[in-house]
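Engineer: Here it is, the structure in full.
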Amino acid sequence: MTATVCGPVDGTLEVVDPGVPGERPARCVAVIAGTEKVFAGHFPGFPIFPGVCVVEYVQRGALATLPEPGAVLAAVESARFLGPVFPGSTLSCEFTWTRDEPKEQDEQHERGAAPGGWRCRAVATTERGLAARVRLRFTAPAGREAAG
Amino acid sequence: MITVDQIKRVLPHRYPMLLVDRVTELVPGERASGLKAVTCNEPWYEAVPDDAPPEAYHYPWTVLLESWCHVAGVLVAWEAPNPDVVEGMAMLLGGVSDAEYHRPVLPGDVVEHHVRLARQVGETYMFEGESRVGGATVLTVGRLVMTMRPAAELRAAPAGEVT
């Protein structure tokens with residue numbers, strides 16, 4: 001999962017606070033304009049921002065606040081969509097980063113986590129309240145796995 | 149085989165968010181498979197500059213997941229069509245867990261989505277499955293929850309009460 005310029009969202013996500021892992025969360029904000037292209041088809045007559053597009057912004061915010069440059073998104077551990085996001089909403093996201101500490105080898109294997117990776121817990125809210133809680137897992141940059 | 153004309157009769161999704169081209173197998177209440185042909189003409193690629201590297205054309209995995217959901221949507225809606233979201237029900241993503249993206253999908257690929265209905269409780273459906281390109285797994289979905297909610301109820305819903 002590399003950062004690409006293509007995606008289903010049109011807005012720009014702004015890093016309000018890059019945060020400090022272990023001290024304070026990173027914060028990002030994006031305005032979900034009514035002109036987002038997905039609204040035309042999701043759904044005609046009832047524009048509601050798709051959950052995957054909320055995850056897209058969350059992913060962009062995570063990539064923008066990565067504690068270690070080069071880490072790559074490995075999995076969406078979970079995403080819970082808790083409130084609808086309508087055109088014109090401001091999506092505020094808070095990111096809490098924790099390093100994946102290397103553990104017993106077999107346990108690592110079971111959890112599918114590479115040593116030295118990062119976990120990101122994100123909370124996305126709008127003016128209406130909670131929109132989503134997302135947990136992402138990132139692997140360490142290539143060539144750094146063994147250093148974990 | 150369920151073609152796009154039939155898909156549009158059961159799903160409310162439309163361009164650019166109608167992301168399944170054909171449903172190849174459907175066993176009501178059990179499973180469905182469908183195809184999504186990826187092309188560089190999709191709107192996600194509009195802003196990619198001419199000098200972009202090859203990885204700029206990796207299909208957005210969030211859109212790939214949405215496409216997988218649309219096969220799940222046809223599975224749910226086939227016996228209870230729901231094309232009018234304003235009067236009817238909105239099909240919403242409630243949650244997803246353990247979604248992993250294994251390799252990039254590129255323009256020219258035909259993605260086969262495989263969706264299994266694991267459980268249904270009222271208007272909440274739980275699915276699992278995977279997506280393949282030419283036999284290689286590109287996406288696995290551990291669990292995905294979809295809920296059907298009346299649009300009118302959604303508009304009025306206080307925050308935090310969607311799922």
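So the protein sequences, as listed, match chains D and F.
Take the first sequence: its position 104, counting from 1, is numbered 104 in our numbering, and each next residue is one higher.
Count along the second sequence from 1, add 148, and you get the number used in our numbering.
Quick reminder that beta carbons are idealized off the backbone N, C-alpha and C, glycines included.
1) What does the alpha-carbon distance come out to for the pair M149(F) and C93(D)?
2) Measure the Cβ-Cβ separation of F86(D) and P47(D) and say whether it is below 9 Å.
3) Would you mind giving the Cβ-Cβ distance between L254(F) and V186(F), rounded to the nearest angstrom? I have them listed as a contact below 8 Å.
4) Taking 8 Å as the cut-off, does the stretch 268-277 of chain F touch the stretch 9-19 of chain D (at least 3 CB pairs, one atom from each stretch)?
5) Using a Cβ-Cβ cutoff of less than 6 Å, which residues in the same chain neighbour P252(F) once the five nearest sequence positions on both sides are dropped?
6) Is there a C-beta anywhere in chain F that falls below 9 Å from the one on T2(D)?
7) Report the residue from K184(F), P201(F), D169(F), E227(F) whose alpha carbon sits nearest the alpha carbon of M178(F).
8) Sort T295(F), V293(F), P160(F), V263(F) by Cα distance to H42(D) and report the nearest one.
9) How is the alpha helix (DSSP H) around K156(F) delimited, first residue to last?
10) So that I know if they touch, is there some Cβ in chain F lying closer than 9 Å to that of V29(D)?
11) Mind listing, in chain order, the continuous beta strand (DSSP E) runs of no fewer than 3 residues lying wholly within the stretch 32-97 of chain D?
12) For the stretch 70-84 of chain D, which residues have a beta carbon sitting closer than 8 Å to at least one beta carbon of chain F?
13) Applying a beta-carbon distance threshold of less than 9 Å, which residues of chain D neighbour R162(F)?
14) What residues in its chain sit with their C-beta under 8 Å from that of G51(D), if we drop five residues either side in the sequence?
15) Could you pull the DSSP bridge partners for H261(F) from this structure?
16) So, are the CB atoms of H218(F) and L174(F) less than 9 Å apart?
Structural biologist: Taking the geometry as given:
1) Between the C-alpha atoms of M149(F) and C93(D) there is a straight-line separation of about 42 Å.
2) P47(D) sits close to F86(D), with the two beta carbons spaced by under 9 Å.
3) Between L254(F) and V186(F), the beta carbon gap of about 7 Å places them in contact (Cβ cut-off 8 Å).
4) Segments in contact, no.
5) Excluding positions up to five away in sequence, the list reads H206.
6) Residue confidence is low: T2(D) scores 43 on pLDDT, short of 50, so the model does not pin down where it sits. Its coordinate-derived value is still stated next. Chain F, which has a Cβ nearer than 9 Å to the Cβ of T2(D), makes this yes.
7) Rather than Met, the amino acid found at residue 178(F) in this sequence is Glu. Out of K184(F), P201(F), D169(F), E227(F), E227(F) has the C-alpha closest to the C-alpha of E178(F).
8) Distances from the CA of H42(D) to each of T295(F), V293(F), P160(F), V263(F) were compared; the closest alpha carbon is that of P160(F).
9) Where K156(F) is concerned, the enclosing alpha helix (DSSP H) starts and stops at 152-158.
10) Interface flag for V29(D) against chain F is unset, since no Cβ pair is found closer than 9 Å.
11) Runs of the beta strand (DSSP E) inside the stretch 32-97 of chain D: 72-81.
12) Answer in chain order: L73, A74, A75, V76, E77, S78, A79, R80, F81, L82, G83, P84.
13) In chain order: A40, G41, H42, F43, P44.
14) Correct list, in chain order: A79, F81, A132.
15) Per the DSSP secondary-structure output, H261(F) pairs in a beta bridge with G182(F), S279(F).
16) No; because the gap between Cβ atoms is not below 9 Å, this pair is not in contact.
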